[in-house]
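Undergrad: In this note's numbering, the protein residues as written are 7 to 388. Ideal Cβ placement from N, Cα and C applies to all residues, glycine included.
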Amino acid sequence: MRKIYFFTRSYLPSVGGGVITRLRKVEIFRNAGYDVTVVTPNYENKTIICSENLIKIPYLNNKIDLWFENFGIYEDYLDKWVRTSYRYLKDRIKKDDILFCTSGGELGMIKLGFLLKKSLGCKFVVNFHDPINYTTVNGLSRTPPVFAVKRDAFEAKYVPEADMVITSSMTLNLALKKKYPRIKIVKNCYHGYTKKIPISIEEKKNSYPLRILYGGVLAKEQSPEILAEAILKTTNVEGIFIGKYENYTPMLKYDKSDRIKLLPMMSHDQYIITMSKSADIGFLSLRGDYWGACVPSKLFEYINMGLPVLASIPLGDAFDIINENNYGRAVYYKDMNGLIEAIKYMSNPDTLDTMRRNVFEDREKWAFDVNFANVLEWIKEL
7 MRKIYFFTRS YLPSVGGGVI TRLRKVEIFR NAGYDVTVVT PNYENKTIIC
57 SENLIKIPYL NNKIDLWFEN FGIYEDYLDK WVRTSYRYLK DRIKKDDILF
107 CTSGGELGMI KLGFLLKKSL GCKFVVNFHD PINYTTVNGL SRTPPVFAVK
157 RDAFEAKYVP EADMVITSSM TLNLALKKKY PRIKIVKNCY HGYTKKIPIS
207 IEEKKNSYPL RILYGGVLAK EQSPEILAEA ILKTTNVEGI FIGKYENYTP
257 MLKYDKSDRI KLLPMMSHDQ YIITMSKSAD IGFLSLRGDY WGACVPSKLF
307 EYINMGLPVL ASIPLGDAFD IINENNYGRA VYYKDMNGLI EAIKYMSNPD
357 TLDTMRRNVF EDREKWAFDV NFANVLEWIK EL
């Protein structure tokens, strides 16, 4: 039985969509016969926790580490943790083992995998959920914090040395192939949804007024208030926003609107069950062309909930998935008039019914297990 060391910045008892996805990856590897040990920071105390299948190495999160990353003093805010982890793991990992290094924007797990591969000769796999923060993708990058340096030089030291790179969007996949032609193998695997909701199309009836749900992060990168603004320029439509709206000033001005409902955070299970039955449409938003390299997990969550998708996003995989499959309507994030017209178009009951049928017909193919089965086949090749 071959051994996989699964490197991740967060794992149980943390919560969130990223952790749920990583848990499922580990489960699938184990079900396929791999001996999997998860390696992750211990944010709670200074004790190394080592069990049969979990190693937690201390990292007491310190804001100064992020500052050092921003100034380029550290290659990644996890640099100290990487050094400690390398010293601890180098005498435990064997040449035949596989290092599966995840990244949701951080470089630390990738750097740790590189150092161990260089020292021990084991196989080194990079699994991107999102591009590394403040690197360029097709010449585009996130706006960095004040005084922050771009991190392409750090990325270039480690990513091309991987035996395999697995992305979660074809936009990022093709960008990395162009940027680093010497990467041996670059594959793509959409994440999909992890647990199928027991709901049928017969249970879905259009509401009046139509209800559009936004259940994502309330922050500048998403700027979901654009949906509220668009809704107020249409008729017979209302918006439901779930999240920590009290901490996001642009949403507070809609607090008194009878067509905009601001609801507090709820448990993931409660959110899924309630909104799959109460909402008619799911809304996605991302501001900035750089984000076209990301496919929001929320897209697959809406598909799992049986919801047609309205999106105000950059061009990229998510844009194409929605429009080419007629799961809803995606418009370019700068096109406010296009968003208003998309709401009007999707308000037609026949149009919305067709989109919903398309979502339900394709629902199975976006299940996480279906997509990740490809990764199992690729890993066998190493």
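For residue 301 versus residue 174, is the C-beta distance shorter than 8 Å?
TA: Against a cut-off of 8 Å, the Cβ pair of residue 174 and residue 301 comes out as a contact.
Undergrad: Less than 8 Å between the beta carbons of residue 319 and residue 236, yes or no?
TA: No. Outside cutoff.
Undergrad: Restricting to Cα atoms, I'd like to know which of 102, 75 and 307 is closest to residue 9.
TA: For the residues 102, 75 and 307, the minimum Cα distance to residue 9 belongs to 102.
Undergrad: Does the distance from the CB of residue 289 to the CB of residue 233 come in under 8 Å?
TA: It is a contact, given that the beta carbons lie within the stated cut-off.
Undergrad: According to DSSP, is residue 99 part of a helix, a strand, or is it coil?
TA: Residue 99: coil per DSSP, three-state reduction.
Undergrad: Could you spell out where the beta strand (DSSP E) holding residue 288 opens and where it closes?
TA: Residue 288 -> beta strand (DSSP E) spans 287-291.
Undergrad: Compute the distance between the beta-carbons of residue 198 and residue 373, then report whether it is under 8 Å.
TA: Their beta carbons are under 8 Å apart, which means residue 198 touches residue 373 by this criterion.
Undergrad: To test your reading of the DSSP string, which unbroken beta strand (DSSP E) runs of 3 or more residues are found completely within the segment 21-58?
TA: You should have 41-48.
Undergrad: Please say whether residue 43 and residue 11 have beta carbons closer to each other than 8 Å?
TA: Yes, these two residues count as a Cβ contact at 8 Å.
Undergrad: Check each candidate in 325, 266 and 168 and name the one with the smallest Cα separation from residue 334.
TA: Residue 325 is the option with its Cα nearest to residue 334.
Undergrad: Return the residue from the list 196, 97 and 72 that minimises the CA-CA distance to residue 113.
TA: Of the listed residues, the one whose Cα sits closest to residue 113 is 72.
Undergrad: Could you tell me whether the segment 173-188 touches the segment 129-143, where touching means 3 or more Cβ pairs closer than 8 Å?
TA: Yes, since at least three Cβ pairs between the segment 173-188 and the segment 129-143 fall closer than 8 Å, the two stretches touch.
Undergrad: Using 10 angstroms around the beta-carbon of residue 336, count the other beta-carbons present and answer buried if the total reaches 16, otherwise exposed.
TA: By the 10 Å Cβ count, residue 336 comes out buried.
Undergrad: Along the alpha helix (DSSP H) that carries residue 218, what are the first and last residues, could you check?
TA: Counting along the chain, residue 218 falls outside any alpha helix (DSSP H), though it belongs to the beta strand (DSSP E) covering 216-220.
Undergrad: Give the C-beta separation of residue 313 and residue 287 to the nearest angstrom, bearing in mind that I take them to be a contact with Cβ-Cβ under 8 Å.
TA: The pair is a contact, with the Cβ atoms about 6 Å apart (cut-off 8 Å).
Undergrad: Can you round the beta-carbon distance between residue 285 and residue 217 to whole angstroms, since I take them to be within the 8 Å contact cut?
TA: With 8 Å as the limit, residue 285 and residue 217 qualify as a contact, their Cβ atoms being about 5 Å apart.
Undergrad: Are the segment 373-386 and the segment 204-213 touching, with three or more C-beta to C-beta distances below 8 Å?
TA: These segments do not touch.
Undergrad: Can we say the segment 86-101 touches the segment 110-129, given the rule of at least three CB pairs closer than 8 Å?
TA: Yes, since at least three Cβ pairs between the segment 86-101 and the segment 110-129 fall closer than 8 Å, the two stretches touch.
Undergrad: CA-CA distance, residue 354 and residue 50?
TA: The straight-line gap from Cα to Cα measures roughly 52 Å.
Undergrad: Taking 8 Å as the threshold, find out whether the segment 248-258 comes into contact with the segment 175-191 through three or more Cβ pairs.
TA: The segment 248-258 is not in contact with the segment 175-191.
Undergrad: Reducing DSSP to helix, strand and coil, say where residue 411 ends up.
TA: In the structure as shown, the chain begins at 7 and stops at 388. Residue 411 is therefore absent and cannot be evaluated.
Undergrad: Below 8 Å on the Cβ atoms is my contact criterion, and I expect residue 143 with residue 178 to pass it. Report the Cβ-Cβ distance as a whole number of Å.
TA: Sure, about 6 Å apart at Cβ, within 8 Å.
Undergrad: Pull up the CB-CB distance for residue 256 and residue 227, whole angstroms please, since I reckon it's below 8 Å.
TA: The pair is not a contact, with the Cβ atoms about 12 Å apart (cut-off 8 Å).
Undergrad: Per DSSP, what kind of secondary structure is residue 335 in: helix, strand or coil?
TA: Here residue 335 sits in strand by DSSP.
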